[in-house]
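Chains as they are written, first to last, in my numbering: chain X, 5 to 181; chain C, 5 to 181.
Quick reminder that beta carbons are idealized off the backbone N, C-alpha and C, glycines included.
All values derive from a computational prediction rather than experimental measurement.
Quick notes on the structure that follows.
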DNA sequence: CCCTTTTGCTTGACGCGTCAAGCATCTGGC
DNA sequence: GCCAGATGCTTGACGCGTCAAGCAAAAGGG
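Here it is, written out as structure tokens:
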């Protein structure tokens, strides 16, 4: 099934062809993710937060009144702890996150979304939902299903993190709650 | 076609379901791209460069002896100019890039891969090709084709950049030459 | 020619993302 | 109890990625 000349290839102004279909797929995947990321970022930025900050707030909204320890937040993103600490620092400075030492285990720091953060995230629910649909608007239902299946398989082919020996699944943000 | 309970959903430790299939697709896309990016990064990092630096060097190798102005490099990545300037600064400091004012248009700065850079990139060709295949190893040929088609359509649904009114296609790195 | 505008790039400031180190707190073995 | 190790987080350093501002060279108009 030799392709005519793929979209990616034209986009990149290439001289030489791809070395493999896989290479083409990898490049398409990374480029597409960047495009989509930017689409979503434009939705939240006018509200004074970044996409990553929005992710954190959404996670914390879902955690509710019990809050969530820092590492737990990090696990739901795809990020290392240090990044999370500083992300939370910035959100705390903006009054969108409150932190508190856990009394039962004083090593942990519990994080909470403030009421202002909840209002902000609630307000962004509808626009973000629209942005998600818009980002993938070019796909018909069948294509979306196929995409999802393919992406799931790609991820399932790789250890959760590469760091930890082989613990269970990790998670990213942008989670619905 | 209600899915049983998607992979993503489990990975994220969710309580509530996705708001839409599109949301699920967007999250899967971003997460998968992150995973793949890390797989590739691990290949080049032992050689003392980052994935982005590798991208630039590959582009410059393809440009050959005429070199490429800074902005042209940026266009083949998905990045703004300032990032490219500094990327090139670091590569120049490492002796992998040489820069020179263009005599015909003294505003431009032509960039070249040094022989050391060429050797490095040549040396990485095979490992990177293997990594590309490895990254998508879980996909069968048909799935890879479907993925590619879906990704191309997603990108085609969005203006090249959102900044420039509507100029022609942009490009990313990781390009074969 | 001169003067405005455009083009090509650099700089400054800021928010990530990651690694390596460091510090406090808990845990398990004794 | 006590102490070595594990755990949870923070800090420092560095490489991106992006916006806004700045500067020099080129282009275009008069």
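Use the C-beta contact count for residue 28(X): other C-beta atoms within 10 angstroms, 16 or more gives buried, fewer gives exposed. The count along the first chain starts at 1 and reaches residue 28(X) at position 24. It counts as buried.
Out of 78(C), 45(C) and 96(C), state which residue places its alpha-carbon closest to the alpha-carbon of residue 118(C). To locate residue 118(C), count along the second chain from 1; it is residue 114. Of the listed residues, the one whose Cα sits closest to residue 118(C) is 96(C).
Assign residue 177(X) to one of two classes, buried (16 or more other C-beta atoms within 10 Å of its C-beta) or exposed (fewer than that). For the purposes of this step, residue 177(X) is taken as residue 173 along the first chain, with counting starting at 1. Confidence in residue 177(X) is poor, its pLDDT being 38 and thus under 50, which makes the residue's placement too unreliable to answer from.
Beta bridge counterpart(s) of residue 73(X) as assigned by DSSP: Taking the first chain and counting its residues from 1, one reaches residue 73(X) at position 69. Answer is 114(X), bridged to residue 73(X).
For residue 124(C), collect the residues of the same chain with a Cβ closer than 8 Å to its Cβ; drop the 5 residues on either side in sequence, then sort them by chain order. On the second chain, position 120 is the one that residue 124(C) refers to. Same-chain partners within the cutoff: 51, 53, 61 and 100.
Check the C-beta distance from residue 106(C) over to residue 92(C) and give it rounded, since I have them as a contact under 8 Å. Walking along the second chain from the start, residue 106(C) turns up at place 102. Walking along the second chain from the start, residue 92(C) turns up at place 88. Actually they do not touch by this definition, with Cβ atoms about 14 Å apart.
Note down the Cα distance separating residue 67(C) from residue 73(C), rounded to an integer number of angstroms. Here residue 67(C) is taken as the residue at index 63 of the second chain, counted from 1. Here residue 73(C) is taken as the residue at index 69 of the second chain, counted from 1. Approximately 10 Å between the Cα atoms of the pair.
For residue 102(X), which three-state DSSP category applies? Your numbering for residue 102(X) matches position 98 in the first chain. The three-state secondary structure of residue 102(X), taken from DSSP, is strand.
Please report the straight-line C-alpha distance between residue 70(X) and residue 21(C), rounded to a whole angstrom. For this step, residue 70(X) is matched to residue 66 along the first chain. For this step, residue 21(C) is matched to residue 17 along the second chain. Their Cα atoms are separated by approximately 21 Å.
Supposed contact pair residue 158(C) and residue 142(X) - C-beta distance, whole angstroms, cut 8 Å: For the purposes of this step, residue 142(X) is taken as the residue at position 138 of the first chain. For the purposes of this step, residue 158(C) is taken as the residue at position 154 of the second chain. So it is a contact: roughly 6 Å between Cβ atoms.
Leaving out five residues on either side along the sequence, give the residues of the same chain with a beta carbon under 8 Å from the beta carbon of residue 24(X). Here the question's residue 24(X) lines up with position 20 in the first chain. Excluding positions up to five away in sequence, the list is empty.
With DSSP run on the structure shown, which of helix, strand or coil describes residue 68(C)? The residue given as residue 68(C) occupies position 64 in the second chain. It is helical.
Any C-beta of chain X sitting closer than 8 Å to the C-beta of residue 168(C)? Translated into the one-based positions of the second chain, residue 168(C) becomes position 164. Caution is warranted here: a pLDDT of 35 is assigned to residue 168(C), below 50, making its placement in the model unreliable, and no coordinate value can be reported.
Compare the Cα-Cα distances from residue 11(C) to each of 161(X), 162(X) and 156(X) and report the closest residue. For the purposes of this step, residue 11(C) is taken as the residue at position 7 of the second chain. That would be 156(X), whose Cα lies nearest to the Cα of residue 11(C).
So, under 8 Å CB-CB, residue 55(X) and residue 41(X) are touching, yes? Tell me the CB distance rounded to an integer number of Å. As a first step, residue 55(X) must be located in the first chain, where it is residue number 51. As a first step, residue 41(X) must be located in the first chain, where it is residue number 37. Sure, about 7 Å apart at Cβ, within 8 Å.
Sort 32(C), 132(C) and 57(C) by Cα distance to residue 98(C) and report the nearest one. Along the second chain, read from residue 1 onward, the residue named residue 98(C) stands at position 94. It is 57(C) whose Cα lies nearest to the Cα of residue 98(C).
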